[in-house]
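Q:
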Amino acid sequence: MPSGVIPSPKTGRELVDEYFIENRTRLLEIAAFLDRLDRTDATLVDRDYRVRAFREALRLLEDRPATAAEAQTRVERIQHLLSDPTTEPLEKLDVKSARGAYDRWQLGVA
Amino acid sequence: MRYIDLHAHMVSRTTDDYVQMALTGCVAVTEPAFWAGWDRSSADGFEDYFRHLTDFEPKRAAVYGIRHFAWLCLNPKEGEDRQLAREVLRRIPRYLESPTVLGIGEIGLNRVTRNEIATFRDHVDLAIEHDQLIHIHTPHLEDKYKGTRTIVDILTEYDRIDPSRVMIDHAEEHTLPIILENGFWTGLTLYPQTKVSPERAIDMFERYGTDRICVASACDWGPSLPDAVPHFALAMRRRGHSADLIDRIIYHNPIAFLGQSPKFDVGTDSARRNGAEKALPRSESDAKSSAGVAAA
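Sequence order for the protein chains is B and L.
The first sequence: position 32 = 32 (my numbering), numbered continuously.
Take any residue in the second sequence, count from 1 to its spot, add 1000: that is its number in my numbering.
And the structure:
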């Protein structure tokens, strides 16, 4: 990942000291969300594009760029995974509001 | 601390929110016209809304020493109705004369349909015709990347648009570079869920610097915080950034963009409060008019 224009005033160790606990909490919230889905319907990942997108995004969390020249960060790669990659406008308005993920697997909503 | 909230839908907020903003150092807000959460039934409904934005709201803000400015348009969520859009656009020019209207906005796209694009182009043409600043909404969630690309592609077709007079708002990590590379201003809107957290906004400043980037609350009728900008400032301090850097982002950057309109002026404390003089209702009839700020 390229270095920033404005350097972080904190060292890596200081960032961990300051932000580890709150991000640990977020990690456990995601784990609990997935466990909750498994308890209710473990097949959702095959039947609901939002769940599929969520699971695929989780894989990208551990996928570090191989070189510094690889500019896309984790958050950028997840944003693109969740985004509509098409370029043609819709002929007509289909729904008023977005749902948070693009159905690139044609799964629909469970 | 002092700040300008460049994107705040105050018609959806209570007077207590103005108090909270004033207490945390807000000296000015700019309010783009937007979707009410339901579709308005006529151009008359929009006209009432424009009167609210240009008459009532500046006076309500002035009571707390906050300058209030507005942007006018038919928003992207209602842009599919071409007939309504044409009628609303026909009525906008006379409101552009208002001393607190800074330009056309927040125009843009919602689901990126052909009609939305046509309505967006009509607004851009109107802004060019009247030499107005432009404030642009980019779509939410999965539609943001496609919508931002489409908006940038359309705007770069115009040779009469100066990108430094255009703010393309609601940027996120995957759209910020497209906007900045083409010379536009951009905004990071600090939302609890669907847009950008203070921490992610700080990451983007660290990566790209502070040129042509603002932050705003975009507070509205949904889950949002009217004091999101001071929360951002607090997060900046927690990350170890200096007071000067924070001031540049939350005060000087909005002035650099908005100051391109001769109408924009944050004024002095006393000048801001003078605007409240006319706002206080003197009689029952005043209280019922748009000049009154007393709740019914």
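Idealized CB from N, CA, C, for every residue including glycine.
Looking only at DSSP bridge pairs, what is A1137(L) linked to?
A: Sequence check: residue 1137(L) is His here, not Ala. In the DSSP output, where bridge partners are listed per residue, H1137(L) has G1108(L).
Q: Counting only the same chain and skipping the five closest in sequence on each side, list residues whose C-beta sits under 8 Å from that of E1057(L).
A: Hits under 8 Å: M1010, V1011, E1031, H1068, A1070.
Q: What is the DSSP secondary structure of P1032(L), counted as helix, strand or coil?
A: DSSP places P1032(L) in strand when its eight states are reduced to three.
Q: Within a Cβ cutoff of 6 Å, which residues of the same chain sit near D1220(L), ignoring the five residues on either side of it in sequence?
A: Closer than 6 Å at the Cβ level, and outside the excluded window around D1220(L), lie H1009, S1012.
Q: Using alpha carbons as the reference points, say which of C1026(L), L1074(L), S1041(L) lies closest to V987(L).
A: No answer is possible for residue 987(L): the residues shown for chain L start at 1001 and end at 1296.
Q: Identify the contact partners of L1141(L) in chain B, using a Cβ-Cβ distance below 8 Å as the criterion.
A: Correct list: L82, A98, R99, G100, A101.
Q: Just to make sure I have the definition right: I need the residues of chain L whose C-beta is within less than 7 Å of the C-beta of Q106(B). Which are they?
A: Within chain L, no residue comes near Q106(B); the closest Cβ sits about 15 Å away, beyond 7 Å.
Q: Output needed in chain order: residues of the region 1173-1197 of chain L with a Cβ under 7 Å from some Cβ in chain B.
A: Flagged, chain order: E1173, H1174.
Q: Is it the case that the Cβ atoms of A53(B) and A101(B) are separated by a distance below 7 Å?
A: Yes, the pair counts as a contact, with Cβ atoms nearer than the cut-off.
Q: Are C1073(L) and H1130(L) close, meaning C-beta to C-beta below 7 Å?
A: In this structure, H1130(L) does not lie closer than 7 Å to C1073(L) by Cβ.
Q: If you reduce the DSSP assignment to three classes, tell me which class G1240(L) lands in.
A: Looking at G1240(L) - three-state DSSP - the assignment turns out to be coil, as it is neither helix nor strand.
Q: Going by DSSP, what residue range makes up the beta strand (DSSP E) through M1167(L)?
A: Counting along the chain, the beta strand (DSSP E) containing M1167(L) begins and ends at 1166-1168.
Q: Quick check on DSSP: helix, strand or coil for G1187(L)?
A: Strand, per DSSP.
Q: Could you run through the region 1089-1116 of chain L and flag, in chain order, every residue whose CB is less than 8 Å away from some CB of chain B?
A: Residues N1110, R1111, V1112, T1113, R1114, N1115, E1116.
Q: Please list the terminal residues of the continuous alpha helix (DSSP H) segment that includes V45(B).
A: Note, V45(B): alpha helix (DSSP H), 44-47.
Q: Suppose contacts are defined by Cβ-Cβ distances below 7 Å. Is R1165(L) in contact with L1133(L) by that definition?
A: Yes.
Q: Throw me the rounded Cβ distance for the G1079(L) and N1115(L) pair, which I believe falls under 8 Å.
A: Right, their Cβ atoms sit about 7 Å apart.
Q: For T1210(L), which residues from the same chain have a beta carbon less than 8 Å from its beta carbon, with the 5 sequence-adjacent residues on both sides left out?
A: Only L1245, R1248, I1249, N1253 meet the Cβ criterion.
Q: Could you check the C-alpha separation between A1256(L) and R1207(L) for me, to the nearest Å?
A: So the alpha carbons of these two residues sit roughly 21 Å apart.
Q: Go ahead and label D84(B) buried or exposed: buried means 16 or more other beta carbons lie within 10 angstroms of its beta carbon, across all protein chains shown.
A: When all chains shown are included, D84(B) counts as buried.
Q: Residues bridged to Y1003(L) by DSSP?
A: For Y1003(L), which the question treats as bridged, DSSP gives the partners C1026(L).
Q: Within the region 1053-1117 of chain L, note down every full alpha helix (DSSP H) run reaching 4 residues or more, in order along the chain.
A: Counting whole runs of 4 or more residues, the region 1053-1117 of chain L contains the alpha helix (DSSP H) stretches 1057-1062, 1082-1091.
Q: Which chain L residues sit within Cβ distance under 7 Å of G4(B)?
A: Correct list: E1206, R1207.
Q: Tell me which residues share the same chain as V45(B) and place their Cβ nearer than 7 Å to its Cβ, disregarding the 5 neighbours each side in the sequence.
A: V51, R52, R55, listed in sequence order.
Q: Go ahead and pull the three-state DSSP assignment for V1196(L).
A: If DSSP states are grouped into helix, strand and coil, V1196(L) belongs with the strands.
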